[in-house]
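Notes to accompany the following structure.
In the working numbering, the protein residues as written are 185 to 388.
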């Protein structure tokens, strides 16, 4: 079972990981998240980033190291990882890597209730999903290829390989599901259960 974290936002994990390399101010943290493409997996904005930094400082995971001043930019506080923060980072990472967790994806909810849709409509909608999956996979493949050409080490792109694997698995699942939904025996069973004039038929 996952631990209850003092700061449980995934963005906090990215901040701790970034500070493992060197002290930074929040603006620099955000810039590096974008440069490395981590913002594709960890959603944030400037406000949420600063809020997480404050929470981590309050928890004792990071600490102010210095305040940087120059004439072109406003004052900026540089933060460093504390010993407690380093321990939290590694403990959290080990948990995430080793322990599967059910995340209740929205598509899973839809699948659990798929039987309420007319089979023909469900097939049409799932076909649109396959097209969207293919488009997303193509975009990831192109982005990854560009990153590799720029010399990015493969381990820093492994989350994109994971996304591609998930997309491929989902595509194969959805394709098989479409075959099942078009089977005559399923169509007849659906009509018997949810056909015209029956509950969940869509009529008001």
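Glycine included, C-beta positions come from ideal geometry on N, C-alpha and C.
| Query | Result |
| --- | --- |
| So residue 195 and residue 228 are supposed to be a Cβ contact under 8 Å. How far apart are they, rounded? | 5 Å |
| Pair every Cβ in the region 214-222 with every Cβ in the region 261-279, then say whether three or more of these pairs are closer than 8 Å. | no |
| Quick check on residue 364 - is its C-beta less than 8 Å from some C-beta in chain C? | Given the protein chain composition of this structure (a single chain), no chain C is represented. |
| Would you identify the three-state DSSP class for residue 220, choosing helix, strand or coil? | coil |
| Would you report the Cα separation of residue 365 and residue 378, rounded to the nearest angstrom? | 14 Å |
| Taking C-beta to C-beta, are residue 320 and residue 351 nearer than 8 Å? | yes |
| Ordered along the chain, which non-local residues of its own chain (more than five positions away) have a Cβ less than 6 Å from that of residue 250? | 262 |
| Excluding five sequence neighbours on each side, which residues of the same chain lie with their C-beta closer than 8 Å to the C-beta of residue 327? | 221 and 344 |
| Taking Cβ positions, are residue 355 and residue 317 nearer each other than 8 Å? | yes |
| Since residue 186 is in the beta strand (DSSP E), which residue starts that stretch and which ends it? | Run containing residue 186: none; DSSP gives neither H nor E here. |
| Excluding sequence positions up to five away, which residues of its chain have a Cβ less than 6 Å from the Cβ of residue 210? | 233, 234 and 237 |
| What does the alpha-carbon distance come out to for the pair residue 285 and residue 279? | 10 Å |
| Got a sec? Which residues, its chain only, sit under 6 Å from residue 190 by beta carbon, not counting five neighbours each side? | 243 |
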